[in-house]
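Chemist:
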Amino acid sequence: MSFHRRSIKDSRGESTLFRMRALVGFGLILLGLSALVVRYSYLQVQRHDEFALRSENNRVKPRAIPPARGLIFDRNGVLLADNVPAFRLEVVPEQVPDMPALLAQIRDVVPLGDDDIDAFKKQLKQNRRFDSVPLKLRLTEDEIARFAINRWRFPGVDVVPYLTRRYPYGPLFAHVVGYVGRIDADDLGRLDADRYKGTSHVGRSGLERSYEDMLHGEPGYELVEVNADGRTQRVLETHAPTPGKNLYLSIDVRVQKATTDAFQGRPGSAVAIDPRNGQVMAMVSVPSFDPNLFVNGISKADYTAYITAEDKPLLNRALKSAYQPGSTVKPFLALGGLEYGIRRPEDTVLSTGEFCIPGQQRCYRDDERGGNGVVNMVRAIQLSTNTYFYKLALDMGIDRLSAWMGSLGFGRKTGIDLEGEAVGILPSREWKATRSKFGWFPGETVIAGIGQGYWNVTTLQLAHVTATFAGHGTPYAPRLVMATAAVKEKPVPLPNPATGPSLIRKPSEWNVVNQGMEAVVTGGTAKAIFIGFPYRVAGKSGTAERFSRRTNDYDTNRNTAYLAARHRAWFIGYTPTEAPRIAVAAMLEAGAWGAADAGPIVRKTMEAWIATQGGAVPAPSEKDAGAATLPVGPGVPAPAEDLEDVPVATPADMPAGVPSESSSAAPPDDGGHP
Amino acid sequence: MIDALQVRLQRFLRRVMTRPRIDLPLAFGLFLLVMVGLITLYSASGGNMVMIGGQAARFVMGAVLMIAISRIPPSVLRSWTPWLYAGCVLLLLVVAAMGEIRSGSKRWLNLGVMSFQPSELLKLAMPMMVAWYLHPRQLPPSWKDIAVVGILIAIPAGLIAEQPDLGTALLVAAGGAFALFLSGMRWWKIGSLLAVVGAMIPVAWHFLHDYQRNRVLTLLDPESDPLGNGWHIIQSQIAVGSGGLFGKGWQHGTQSRLDFLPEHTTDFIFAVFSEEFGLVGVAGLMLLYAFIIGRCLWIAMEARDTYSRLLAGAIGMSFFVYVFVNGGMVSGMLPVVGVPMPLVSYGGTSAVSLLTGFGVLMSIYANRKTHD
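Protein chains in written order, with our numbering: chain A, 140 to 813; chain B, -17 to 354.
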């Protein structure tokens, strides 16, 4: 059939027709292929620059290289804050298709705590989608290995090396050096985004915070080639970061440790300052905490333990807690009396055991029943005679009193290189006016003369004032950081010029008060404390009441524990008196007596300092210093002298006036303890 | 013994030289193309020797198949044609009923040992069927014949489009349509038919799947969805455009090496080629394709009968559709449909089916007209 049909077909015509069609078809095909070539030349020639740029932008990404944080050393180069390499898990949200699924799955590979997830989710909300967010810090080697095997399952997740902070001395410097913490939402608003690109930690407290700008350094960057998953293929170009500056503290680890140990765990604080330049030689707040816990995010359990602890280990008592100074203000008030010309050194006062404001019913007590008899200024300081200072304060008047004491440094920040310093309270009309509608009462002036009433000072303030006095009145702002050093360069001292001219007009005035304070140690309230000490020490004790007395009776209970629950113990001192090199203020929150309880702490601080000087202090006149050779290695506390064996002073073998400095004066009217 | 072998070898060589059974220029063109494909694949796969070995093995298999088919005379092929066509349509129905679903479309038939796509067979069976139908008819075809051919095309193309596999449906339909075109269908008839088809585009739009519509819409404005549907188009254009005049050099294409370009070994391998060899490479490859297509059409003109002519011409012209659709897709000119760059894209079935088609061409060449 088909054969038959075929025979009638016009075979030749058909062939010609096909030939035509094939040629037309081929022409059309050539046209089509040419159209393609035109299209490609449009993309590859005309728009080449645009696409070449987009291709580069696809592949080359700038990546910030965070600078290494500056290290922190003590004055001898002992490392207090170190950088240690660690690895963390980072997520680039943009490259994660399903975040909840990722978090669920990755837990099988790298265990995540609820804390990790919470912190991650918080930061996820703040970050831009293409910036990586740390999911877990400080990965263990095991975790790194397991993740490496499973990496393909988690696009957008990577293990990234970083430097984490370590504080080898842990609690010893926690209140001074502070700690760094993970950057959070508040920080992101505060910090310069460009400088902190790639940085995970920022100074949270202490010097880590106040010197953040120096410690941080300047970030560098590198150009890396990434693939579509954002994984780095290779580094194309590197611009190295500038590491932060290293800090050198004026504190010596050994002095810090000896001072801390002297507290034996009892809550309190102590600050030692070099009167010649304001350099802080020890700054201790007991109890302390482990700053290392905070670096990579403290666990809820640990944090709760710290927060709820009754003795508040996170509180820097030296800097932030203000207490009544008690009798420690007396030498400075005496100096004010000389400066104003209200008192001459030889002027005497009769202490009968009770002082009454002329023309008023109210009377204020001496510590000793019957008083100290006739006392001049030196003896009044030595015996801490309240009547002398009641009268002096009254004669001076509150305005001159607060002006003088304020000029020494009470009632304002010392200007130390730490944040969060408490101001304390300097009693004055102005201060009271902000708190009370009642005017100023003379009785308030009287008790202000013995450091009671409205007074509130921090240990740092008291140390600062003591150091200012010890330095013959030249004020320096306390400084923890003595020098800074850029990487591979020698430390450069940080200048700390005096903040003003000397506050003491005549050396003779200084000599009188110094004499009184030396007498405290040689034959006064602290006689038992400094026995055998190689240098001449000037000091003053103070015992402040923690609660206002309800009765007017003498408290006859001499039980130490009972008193400790009621008193705060203060001691201030400096040595050598001929040319003071160290001034110390120590406070025990629950000390029975200023001299007996806080005095030994000051002594141990001074002894440790002497030990760091090789046992001898190059003092101008004192050449017999060899007696106190205490070989001490770094970080090792000074070998205990037989201080523990010094019997606690009892009223019987103490000179008159010892140890009762606590005034029995009840603050009049509204005068509670603010 | 050795002498006898030598004699036989000499005899074989003489026959190959004087009257070869395969067209050497076409074979050489195909060989060149396959080499370009393997070289590009080497770069696109990142030197993955498993992929390259597999692809080379498929080319060898395809070449063997091509030579085997070239031994079958066109008359025999013609006699098989209706059965082949009917079998293919039947298989398509089976696929529609119980096919295996892979990534959202039903194309595969699982034969236990291996699975294959019956639609791939139709790329060859379709022009064969149209040629078979038109072979005994008076040409140019009448409206009645055109209508019959239209139905012959529409049944399998419709079934394939339903799978859905728009790319293959397009290639299958093109194969049939080219046979019709080459049969000498009057220009005014072509024109009016195209007008009708054009008028039906809005209707067809209605029947498209959402993902297919998205592809078309994305093509019009890829930047509207740069991370989703637009990603392929944008990254592919970046690859092509960044190649420039001379390209970034073999194995230096960053778009593919760093995985920005999706499917860079299969449907988008031509973007890799364009990135690495630039416009010069593109133009060169287009010339090679033009040469192969031209050679196919020359073989068609030399063919002995209508069936052979139409079949050879349709196969050659379909080859162009592959190149044009894939090249257009990679450069963002046409929507993304699953059409590979012939003999360059990685992938088994298309390489084998293409070489099978060239086997038919070789058979037609071997039985060409004798110019006495």
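C-beta: ideal position from N, C-alpha, C; glycine also.
Of all Cβ atoms in chain B, is any one closer than 9 angstroms to the Cβ of A/D149?
Modeler: Locating residue 149 of chain A in the first sequence gives position 10, where the first residue counts as 1. Yes, A/D149 counts as interfacial toward chain B.
Chemist: DSSP state of A/D333, grouped into three classes?
Modeler: The residue labelled residue 333 of chain A in the question sits at position 194 within the first sequence. Of the three classes helix, strand and coil, the one that applies to A/D333 here is coil, per DSSP.
Chemist: Can you tell me whether A/F549 is buried or exposed, with buried defined as 16 or more other CB within 10 angstroms of its CB?
Modeler: Taking the first sequence and counting its residues from 1, the one referred to as residue 549 of chain A is at position 410. The residue is buried, with at least 16 neighbouring Cβ atoms inside 10 Å.
Chemist: Listing by chain order, which chain A residues have their CB less than 7 angstroms from the CB of B/M315?
Modeler: As a working mapping, residue 315 of chain B is identified with position 333 in the second sequence. By Cβ distance, chain A contributes R178.
Chemist: Whole angstroms is fine: what's the gap from B/L337's alpha carbon to B/M48's?
Modeler: In the second sequence, the residue the question calls residue 337 of chain B occupies position 355. In the second sequence, the residue the question calls residue 48 of chain B occupies position 66. Spanning the two alpha carbons is a distance of roughly 6 angstroms.
Chemist: Name, please, each residue of chain A whose Cβ falls closer than 9 angstroms to the Cβ of B/L279.
Modeler: The residue given as residue 279 of chain B occupies position 297 in the second sequence. Those within 9 angstroms of B/L279 in chain A are A161, L162, G164, F165 and I168.
Chemist: Is the beta carbon of B/L371 sitting closer than 9 angstroms to the one on B/I275?
Modeler: Coverage of chain B is limited to positions -17 through 354, which leaves residue 371 of chain B absent and any answer about it impossible.
Chemist: Return the chain-ordered list of same chain residues with a C-beta closer than 6 angstroms to the C-beta of A/V468, the five sequence neighbours on each side being excluded.
Modeler: Counted from its first residue, the first sequence places residue 468 of chain A at position 329. These residues qualify, in order along the chain: G590.
Chemist: May I ask you to list, following chain order, the residues of the region 120 to 151 of chain B that have a beta carbon less than 8 angstroms from some beta carbon of chain A?
Modeler: Per Cβ criterion, the list reads Q120, L121 and P122.
Chemist: Does DSSP classify A/K645 as helix, strand or coil?
Modeler: Position 506 of the first sequence, counting from 1, holds the residue named residue 645 of chain A. Residue state, collapsed to three classes: coil.
Chemist: For B/V334 and B/I251, what's the separation of their Cα atoms in angstroms?
Modeler: Along the second sequence, read from residue 1 onward, the residue named residue 334 of chain B stands at position 352. Along the second sequence, read from residue 1 onward, the residue named residue 251 of chain B stands at position 269. Cα to Cα, the separation comes out at about 18 angstroms.
Chemist: Check B/Q217 in the structure and name its three-state DSSP category.
Modeler: For the purposes of this step, residue 217 of chain B is taken as the residue at position 235 of the second sequence. Residue state, collapsed to three classes: helix.
Chemist: Could you pull the DSSP bridge partners for A/N385 from this structure?
Modeler: For the purposes of this step, residue 385 of chain A is identified with residue 246 of the first sequence, where counting begins at 1. Partner(s): A/A624.
Chemist: Measuring straight from C-alpha to C-alpha, what distance separates A/L489 and A/N511?
Modeler: Taking the first residue of the first sequence as position 1, residue 489 of chain A is located at position 350. Taking the first residue of the first sequence as position 1, residue 511 of chain A is located at position 372. Rounded to the nearest angstrom, the two C-alpha atoms are 8 angstroms apart.
Chemist: So A/W709 is in the beta strand (DSSP E); what residue range does that whole segment cover?
Modeler: The sequence position of residue 709 of chain A within the first sequence is 570, counting from 1. Element bounds for A/W709: H706 to T714.
Chemist: Is there at least one Cβ from chain A nearer than 9 angstroms to B/D241's Cβ?
Modeler: Sequence index remark: in the second sequence, residue 241 of chain B carries index 259 (1-based). Chain A, which has a Cβ nearer than 9 angstroms to the Cβ of B/D241, makes this yes.
Chemist: Using a Cβ-Cβ cutoff of 8 angstroms, what residues of the region 361 to 377 of chain A are near chain B? List them in chain order.
Modeler: Per Cβ criterion, the list reads E364, V365, N366, A367, D368 and Q372.
Chemist: Taking A/V184 as the query, report the chain B residues whose CB atoms sit under 8 angstroms from its CB, ordered along the chain.
Modeler: As a working mapping, residue 184 of chain A is identified with position 45 in the first sequence. G226, L227 and L261, listed in chain order.
Chemist: Report the neighbours of B/A265 on chain A: residues whose CB is nearer than 9 angstroms to its CB, in chain order.
Modeler: Numbered from 1 along the second sequence, position 283 holds the residue referred to as residue 265 of chain B. The answer, in chain order, is V176, Y179 and S180.
Chemist: Would you decide whether A/V797 is buried or exposed? Buried here means 16 or more other CB atoms lie within 10 Å of its CB.
Modeler: Numbered from its first residue, the first sequence carries residue 797 of chain A at position 658. Note on A/V797: pLDDT 34, under 50, position unreliable in the model; no value is reported.
Chemist: Taking C-alpha atoms, which residue in A/I670, A/V620 and A/T597 lies nearest to A/A725?
Modeler: Stepping through the first sequence from its first residue, residue 725 of chain A is reached at position 586. It is A/T597 whose Cα lies nearest to the Cα of A/A725.
Chemist: Please specify which runs of the beta strand (DSSP E), each continuous and at least 3 residues long, are wholly inside the region 653 to 684 of chain A, giving them in chain order.
Modeler: If we require 3 residues or more, the beta strand (DSSP E) runs fully inside the region 653 to 684 of chain A come out as 677 to 684.
Chemist: Mind listing the chain A neighbours of B/Y328? Cutoff is C-beta to C-beta under 9 angstroms, in chain order.
Modeler: Looking up residue 328 of chain B in the second sequence gives position 346. The premise fails here: B/Y328 is roughly 19 angstroms from chain A at the closest Cβ pair, so nothing lies under 9 angstroms.
Chemist: Using the DSSP secondary-structure output, state which residues sit across from A/Y360 in a beta bridge.
Modeler: Locating residue 360 of chain A in the first sequence gives position 221, counting from the first residue. A/Y360 is bridged to A/A203 and A/H378.
Chemist: Does the distance from the CB of B/R197 to the CB of B/P317 come in under 9 angstroms?
Modeler: Numbered from 1 along the second sequence, position 215 holds the residue referred to as residue 197 of chain B. Numbered from 1 along the second sequence, position 335 holds the residue referred to as residue 317 of chain B. Yes, they are a contact pair.
Chemist: Rounded to the nearest angstrom, what separates A/L531 and A/P382 at their Cα positions?
Modeler: For the purposes of this step, residue 531 of chain A is taken as residue 392 along the first sequence, with counting starting at 1. For the purposes of this step, residue 382 of chain A is taken as residue 243 along the first sequence, with counting starting at 1. In a straight line, the C-alpha of A/L531 is about 56 angstroms away from that of A/P382.
Chemist: Exposed or buried, which one is A/N215 when buried takes at least 16 other CB atoms within 10 Å?
Modeler: For the purposes of this step, residue 215 of chain A is identified with residue 76 of the first sequence, where counting begins at 1. Label assigned to A/N215: exposed.
Chemist: Given this structure, state the Cα-to-Cα distance separating A/R707 from A/W732, to the nearest angstrom.
Modeler: In the first sequence, residue 707 of chain A corresponds to position 568, counting from 1. In the first sequence, residue 732 of chain A corresponds to position 593, counting from 1. A/R707 and A/W732: Cα-Cα distance of roughly 7 angstroms.
Chemist: So that I know if they touch, is there some Cβ in chain A lying closer than 9 angstroms to that of B/I83?
Modeler: In the second sequence, counting from the first residue as 1, residue 83 of chain B sits at position 101. No, because no Cβ of chain A sits closer than 9 angstroms to the Cβ of B/I83.
Chemist: Could you list which residues in chain A have their beta carbon closer than 9 angstroms to that of B/S25, in chain order?
Modeler: Within the second sequence, residue 25 of chain B is the residue found at index 43, counting from 1. Simply none; closest approach about 15 angstroms.
Chemist: Tell me the residue span of the alpha helix (DSSP H) that contains B/M108.
Modeler: Here residue 108 of chain B refers to the residue found at position 126 when the second sequence is read from its first residue. Here the alpha helix (DSSP H) through B/M108 covers P100 to L116.
Chemist: Could you tell me which of A/E560, A/Y479 and A/T584 sits nearest to A/S567, measuring between CA atoms?
Modeler: Along the first sequence, one-based indexing puts residue 567 of chain A at 428. Answer by Cα proximity: A/T584.
Chemist: Taking B/S290 as part of the beta strand (DSSP E), name the residues at either end of that continuous run.
Modeler: Position 308 of the second sequence holds residue 290 of chain B. No beta strand (DSSP E) contains B/S290, which is instead part of the alpha helix (DSSP H) from T288 to V312.
Chemist: Tell me the DSSP secondary structure of A/N196 in three-state form.
Modeler: For the purposes of this step, residue 196 of chain A is taken as the residue at position 57 of the first sequence. The answer is helix: DSSP assigns A/N196 an H, G or I state.
Chemist: Does any C-beta atom of chain B lie closer than 9 angstroms to the C-beta of A/A287?
Modeler: Taking the first sequence and counting its residues from 1, one reaches residue 287 of chain A at position 148. Not an interface residue.
Chemist: I want to verify the contact list: residues of chain A whose CB lies under 9 angstroms from the CB of B/V32, in sequence order.
Modeler: In the second sequence, residue 32 of chain B corresponds to position 50, counting from 1. The contacting residues do not exist; B/V32 stays about 18 angstroms from chain A at best.
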